[in-house]
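A.B. asks: Handing you this structure, nothing more for now.
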Amino acid sequence: PTRPTTLLAPDKFNDGYCDCPLDGGIDEPATGACSGAADGMWAGLAATEAAAEGRKIAHFACPQQPRLTLPPSRVRDGICDCCDGADEAGG
14 PTRPTTLLAP DKFNDGYCDC PLDGGIDEPA TGACSGAADG MWAGLAATEA
64 AAEGRKIAHF ACPQQPRLTL PPSRVRDGIC DCCDGADEAG G
């Protein structure tokens, strides 16, 4: 399936936000914002999308939010993604 093309303004490149996770994070080559995008592990990619494409991905499930799963790159990265902080050292 073909995805629509998205045009980004120049200030959207290397701005610390992954605008293009489905395209391997090509808008963030100098930042870690799209960490894991190339292998389908970016948190912005739904696990169901990966499953639909036949890809298996490892993930961390937040204990208090079982529907929220994080790729390994988002665990112990210094940013609490789970509401209880379970993805970070010390919770």
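In case it helps, this note's numbering puts the sequence shown at residues 14 to 104. Where is the CB? At the ideal position from N, CA and C, for every residue including glycine. All values derive from a computational prediction rather than experimental measurement.
#1: Short of 7 Å in beta carbon distance, which residues of its chain neighbour A43, apart from the five on each side in sequence? Order them along the chain.
#2: According to the neighbour-count rule (16 or more other Cβ atoms, all chains shown, within 10 Å of its Cβ), is L20 buried or exposed?
#3: Roughly how many whole angstroms lie between the Cα atoms of C93 and P79?
#4: On the premise that C31 lies in contact with G37, defined as a C-beta separation below 8 Å, what is that separation, rounded to the nearest angstrom?
#5: Restricting to Cα atoms, I'd like to know which of Q77, D100, P34, L81 is closest to R87.
#6: Please classify L21: does DSSP put it in a helix, a strand, or coil?
#7: Can you have a look at D40 and say buried or exposed, based on whether 16 or more other CB atoms are within 10 angstroms of its CB?
#8: Which same chain residues end up closer than 8 Å to C96 when comparing Cβ atoms and leaving out the 5 residues on each side of it in sequence?
C.D. replies: Considering the structure as presented:
#1: N27
#2: Residue environment analysis places L20 among the exposed positions, since fewer than 16 neighbouring C-beta atoms fall within 10 angstroms of its C-beta.
#3: 15 Å
#4: Contact flag wrong, Cβ pair sits at about 10 Å.
#5: D100
#6: The answer is coil: DSSP assigns L21 none of H, G, I, E or B.
#7: buried
#8: C75, Q77, Q78
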